[in-house]
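Structure first, commentary second.
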Amino acid sequence: MRSLSFFCAALVALGCGDAAVTEGREVAFTLAAESMPVGDGAPGRFTTRTGWTVTLEEAAVAIGPVYLLTESPPSARRARDWVLPRAWAHSGFDDFQGGEVRGEYLGRFVIDAVRPGLQPIATTRGIAGRVRSANLELQPPAAEVPSLHGHQAWIRGVAVRGDETVPFEGGLDLPAAGSARKVVGIPAAVDLDDGVTTVIELHPERWLAEADFSALPEPAGDEERRAIAPGTQPYDAWFLGVRAFGTFTLRGER
Amino acid sequence: MKRTFVMFGFAVAAASACGDADGGEGSVVFRISGEDAAHTGYPVPGEPELAFVDGWALRFDKYLVSVGNLRLEGADGAKGWAGTDSVIVDLVAGEPEVFRIDGVEARRWERFSYEILPASEGARRIGVADGDAQRMIDGGLNYLVEGTATKEGMDFRFSWGLVNPTRNHDCVDSQSGTPGVVVRNNATAEYAITLHLDHLFYDHLGDHDDADMRFDAVAAVAREIDGVRTIALDDLEGQRLADLRDANGGPLLDEHGERLVYDPHSVPLDDPNLRAYLLAAAKSQGRFNGEGFCSNVDL
Chain A
245 MRSLSFFCAA LVALGCGDAA VTEGREVAFT LAAESMPVGD GAPGRFTTRT
295 GWTVTLEEAA VAIGPVYLLT ESPPSARRAR DWVLPRAWAH SGFDDFQGGE
345 VRGEYLGRFV IDAVRPGLQP IATTRGIAGR VRSANLELQP PAAEVPSLHG
395 HQAWIRGVAV RGDETVPFEG GLDLPAAGSA RKVVGIPAAV DLDDGVTTVI
445 ELHPERWLAE ADFSALPEPA GDEERRAIAP GTQPYDAWFL GVRAFGTFTL
495 RGER
Chain B
369 MKRTFVMFGF AVAAASACGD ADGGEGSVVF RISGEDAAHT GYPVPGEPEL
419 AFVDGWALRF DKYLVSVGNL RLEGADGAKG WAGTDSVIVD LVAGEPEVFR
469 IDGVEARRWE RFSYEILPAS EGARRIGVAD GDAQRMIDGG LNYLVEGTAT
519 KEGMDFRFSW GLVNPTRNHD CVDSQSGTPG VVVRNNATAE YAITLHLDHL
569 FYDHLGDHDD ADMRFDAVAA VAREIDGVRT IALDDLEGQR LADLRDANGG
619 PLLDEHGERL VYDPHSVPLD DPNLRAYLLA AAKSQGRFNG EGFCSNVDL
């Protein structure tokens, strides 16, 4: 993945910074996030594959950096596409590089996963043209953020299945090693241009789709809520779900 | 990399003048290899030894693959070869020559690709029994993998037909680190289509860096069929990646006594179960000349 600064330098060198050129000119665009509801409900209300109806009262995750890329990920490519410029995408064991960077956000942003509507991240500059994929990281914020309770992601809510009601809360921390903090190959079809808002869509129902809340131990002492902590099945489900394919999607709008 | 590296050293034609037109014509031969693991199973002796971290040994009786539709193209768009033939070959039987292309313009063909594709009636067969070939054709299989896994004196049999065809393209020659193949005038260049069998058993996708080979989660679904402990591929659907179970139905623990998860990272799966995970993992087996990297797409 070549950096945006490299690409901009190349554009200048080639005289491609001319505003008259549609593809490749420098543009200003807005990056935003949105937690997506399931159906007509508010974001953070959903039913898991394991049969639990979940209402999240608090939910947040730190994201960033974000890279908007020129190439399609393997999931969006088919055999006929092999003639397209190579993306060095080897589905399975090697990071999707994604070609050139059209836009990037190198800071951190905390998405409120129970807040409806757009959450603006930044207005930044990029290179006009089609964004076919995005890679992002789930790095901890540089400063303490109350909604994260000292973690990289936080949830608090209630899960109901039949006559079982499980209030829960917990924080998630991803190891720095390997690819555990990377979400790569998010499919996209966004034409980056002046005035375009690129929206990172979060689907929090994917976090807990495989969680079985009955596996949480009873709360300790005076605690009212069961803890989603390392070593519990819901924590493992969240650990996988927070980076799973489909947890993040991307759209563009004017 | 946790594998014994088979040095073919075939790309002898890749000397100087790479990328330049050489004039005339030449030939290129492709062998296929499952590396040492196809013959020895696991562990593969060496330093470091390539072994399961959970104590299993495994031998392959058959590792059949259907491969074909080779293409050679230049970075300039020139077409060198667009094959339409395929072969079904058993990697356990050896590292045979599977394709030979003659009369190719002498130059570097930067873009080499091949398909791991559904077995077809018209495919050539190398070291493959008719019954196995027919099973692959009838099932639209691109891999047929059979073997025995052993732990603590107990044998577990498996016979898995995989349907996960891919085109592996823009392959990089691991010997030279350069893209594609080089054909020299009046010479025969030799290359190898290499399959990394260990990918099938890694406990996470997304990168190689700290992946471990495991088999406990797979063996846990075994059933006794005709007196033989058998692992059916479809039974792996019952293993949820976020809730792996041992043979007794309890949480599956790793060697440190901690809950074990298989992590697909951001690789898309049809469903987060172990069967879908293995199919996704096997898509990444196709390499070039040892460790050479290929991009791939689903067929």
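Those sequence lines, one after another, are chains A and B.
Using the numbering used here, you'd call the opening residue of the first sequence number 245 and step up by one each time.
Using the numbering used here, you'd call the opening residue of the second sequence number 369 and step up by one each time.
Glycine included, every Cβ here is placed at the ideal spot set by N, Cα and C.
Q: Would you mind sorting residue 476(B) into buried or exposed? The rule is 16 or more other CB atoms within 10 Å of its CB.
A: Label assigned to residue 476(B): buried.
Q: Counting only the same chain and skipping the five closest in sequence on each side, list residues whose C-beta sits under 6 Å from that of residue 630(B).
A: 571, 609 and 645
Q: From the DSSP output, read off the bridge partner residues of residue 527(B).
A: 514(B)
Q: Please check the pair residue 218(A) and residue 308(A), which I expect to be a contact at CB under 8 Å, by giving their CB distance rounded to whole angstroms.
A: Residue 218(A) is absent from the model: chain A starts at 245 and stops at 498.
(Q) Check whether the segment 430 to 438 of chain A and the segment 360 to 368 of chain A are in contact - that is, three or more C-beta pairs closer than 8 Å. (A) no
(Q) Here's a check: name, in chain order, each residue in its chain whose Cβ is nearer than 6 Å to the Cβ of residue 574(B), leaving out the five neighbours to either side. (A) 633
Q: Would you kindly check if the distance between the Cβ of residue 603(B) and the Cβ of residue 591(B) is under 8 Å?
A: Going by C-beta atoms, residue 591(B) is nearer than 8 Å to residue 603(B).
Q: Locate the alpha helix (DSSP H) running through residue 451(A), then write down its first and last residues.
A: For residue 451(A), there is no enclosing alpha helix (DSSP H), since its DSSP letter is neither H nor E.
Q. What are the uninterrupted segments assigned as alpha helix (DSSP H) that are 4 or more residues long and contained completely in the segment 403 to 465 of chain B, given in chain order?
A. 403 to 408
Q. Residue 480(B): which of 643(B), 407(B) and 451(B) sits nearest, CA to CA?
A. For residue 480(B), the nearest C-alpha among the options comes from 451(B).
(Q) Suppose you measure from the CA of residue 392(B) to the CA of residue 507(B); what does that come to, to the nearest Å? (A) 43 Å
Q: Look up residue 480(B) in the DSSP assignment and say whether it is helix, strand or coil.
A: strand
**Q.** Boundaries (first-last residue) of the beta strand (DSSP E) holding residue 589(B)
**A.** Segment: none, residue 589(B) is in no beta strand (DSSP E) and carries neither H nor E.
Q | Contact list for residue 487(A) against chain B, beta-carbon separation under 8 Å | A | 633 and 634
Q. Out of curiosity, what's the CA-to-CA distance linking residue 422(B) and residue 622(B)?
A. 8 Å
Q | Supposed contact pair residue 343(A) and residue 312(A) - C-beta distance, whole angstroms, cut 8 Å | A | The pair is not a contact, with the Cβ atoms about 11 Å apart (cut-off 8 Å).
Q) For residue 520(B), does the three-state DSSP call read helix, strand or coil? A) Correct three-state label for residue 520(B): coil.
Q: Leaving aside the five residues before and after residue 663(B) along the sequence, list all residues of the same chain whose C-beta is less than 7 Å from its C-beta, in chain order.
A: 537 and 538
**Q.** residue 189(A) in three-state terms, based on DSSP
**A.** An answer regarding residue 189(A) cannot be provided, because it is not within the stretch 245 to 498 covered by chain A.
Q. For residue 397(A), which residues in chain B fall below 7 Å Cβ to Cβ?
A. At a beta-carbon threshold of 7 Å, none of the residues of chain B lie near residue 397(A); the nearest stands roughly 16 Å away.
Q. Distance, Cα to Cα, residue 403(A) vs residue 282(A)?
A. For the pair residue 403(A) and residue 282(A), the Cα-to-Cα distance works out to about 16 Å.
Q. Taking Cβ-Cβ distances shorter than 7 Å, what residues in chain A pair up with residue 433(B)?
A. Simply none; closest approach about 16 Å.
**Q.** Every unbroken beta strand (DSSP E) inside the segment 415 to 480 of chain A [3 residues or more]
**A.** 426 to 436 and 441 to 446
Q | Bounding residues of the alpha helix (DSSP H) (the contiguous stretch that carries residue 370(A)) | A | For residue 370(A), there is no enclosing alpha helix (DSSP H); the residue is part of the beta strand (DSSP E) that begins and ends at 363 to 371.
Q: Identify the contact partners of residue 608(B) in chain C, using a Cβ-Cβ distance below 7 Å as the criterion.
A: Included in the structure are the protein chains A and B, with no chain C among them.
Q. What residue from 576(B), 654(B) and 472(B) has the CA that sits closest to residue 435(B)'s CA?
A. If we check each option's Cα against that of residue 435(B), 654(B) comes out closest.
Q.
Please list, in chain order, the chain B residues whose beta carbon lies closer than 7 Å to that of residue 423(A).
A. 574, 575 and 633
Q) From residue 445(B) to residue 498(B), what distance separates their C-alpha atoms? A) 40 Å
(Q) Just to confirm, is the Cβ distance from residue 524(B) to residue 593(B) under 8 Å? (A) In this structure, residue 524(B) sits away from residue 593(B), with a CB-CB distance that is not shorter than 8 Å.
(Q) Against residue 483(A), what residues of chain B qualify as contacts under a CB-to-CB distance less than 9 Å, listed in chain order? (A) 610, 629 and 631
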